[in-house]
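Visitor:
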Amino acid sequence: MEVIYTGLRQTPEMIVSAALQEDVQVIGLSILSGAHNAIVPRVMDLLKQNKMDDVLVLVGGIIPDQDIDALKKRGVAAIFQPGTAMDDIVKFIRANVKGAGVLG
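Okay, so the sequence shown: first residue is 1333 according to my numbering, each after it adds one.
1) Suppose contacts are defined by Cβ-Cβ distances below 8 Å. Is L1352 in contact with I1394 by that definition?
2) Using a 10 Å radius around the Cβ and a threshold of 16 neighbouring Cβ atoms, would you call L1340 buried or exposed?
3) In angstroms with no decimal places, state the Cα-to-Cα distance between L1435 and T1338.
4) If you scan the stretch 1351-1407 from start to end, which runs of the beta strand (DSSP E) of 3 or more residues do you find wholly inside it?
5) With DSSP as the reference, label I1411 as helix, strand or coil.
Given below as structure tokens:
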């Protein structure tokens, strides 16, 4: 897997622009600020506007249990809370990315 790290404090517009330019298959958002209910819906809307419906969106960080269903309804494929093993995240990506055979 190739990982493109865009840095801290990226706006949804910056995230989707980078994803579009790099032709990504997955966007992983790590949110510790509690702003997931503002950032994630905007990212999902921008992906839809850019016809990037095939991009898998993963969210990790401090996400309260009561917010998980709403984020998944917005199109988030998976939420990984603190303590999730990295192997579990990798397995999820490999199992859910189209053409995952190339991810070896």
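In this text, a Cβ means the ideal position worked out from N, Cα and C, and glycines have one as well.
Guide: With the given structure in hand:
1) Contact: no.
2) L1340 should be labelled exposed.
3) Only weak support is given to the placement of L1435: the predicted model assigns it a pLDDT of 49, under 50, and the value that follows is read from those uncertain coordinates. Each residue's Cα considered, the two are about 21 Å apart.
4) 1358-1363, 1388-1393
5) strand
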